[in-house]
Amino acid sequence: MPEKLITSKILAEITDNPAFELIFTECVADPSFMETFNRLTGSNINFQAKPKDAISFLIDQATGFDGIIVKPEEMEKLVYLIFRSVYLPSQELFVSSLGK
């Protein structure tokens, strides 16, 4: 079984963390960020999947589908990448700016 990217330490850091939630939301809302992530990881995450026709739209509404298409292992990669590449450097920059 492959080792989990999101350790209990990382999970404790990001759970109910408004700073991480904001950074995560900004990253996934950026189409170029998501295109690059999908291309580099071979993922196919889509947070704005649109129904192809009216029948599909009605089915989505009836089933509660919210337009998010993502496999758990792809989401884990995305959360880990944002944590390591965006959140931690931002946090370090913020902390260092307080010392000035």
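Residue 406 is where the sequence shown ends in this note's numbering, and the numbering goes up by one at each step. Think of the CB as a built atom: it goes at the ideal place given N, C-alpha and C, for glycine as much as any other residue.
For residue i, three-class secondary structure by DSSP
i, result
"ILE361", "helix"
"ILE312", "coil"
"ASN323", "coil"
"ASN344", "helix"
"ILE388", "helix"
"ILE329", "helix"
Alpha-carbon spacing of residue i relative to residue j, whole angstroms
i, j, result
"VAL376", "LEU399", "31 angstroms"
"LEU334", "ASN323", "First, the residue type needs correcting, since residue 334 is Val and not Leu in the sequence shown. Rounded to the nearest angstrom, the two C-alpha atoms are 17 angstroms apart."
"SER403", "THR369", "48 angstroms"
"LYS310", "ARG390", "14 angstroms"
"LEU364", "LYS358", "11 angstroms"
"VAL392", "SER338", "15 angstroms"
"GLN397", "GLN367", "39 angstroms"
Of the listed residues the options, nearest to residue i (C-alpha basis)
i, options, result
"PHE353", "PHE371, ASP359, ILE361", "PHE371"
"SER314", "GLN397, SER402, TYR386", "TYR386"
"ILE312", "MET381, THR342, SER403", "MET381"
"PHE343", "THR321, ILE365, GLU379, LEU384", "LEU384"
"SER349", "PHE363, ARG390, GLU379", "GLU379"
Integer-rounded CB distance, given that residue j should sit under 8 angstroms from residue i
i, j, result
"ILE329", "MET340", "About 14 angstroms separates the two Cβ atoms, so there is no contact after all."
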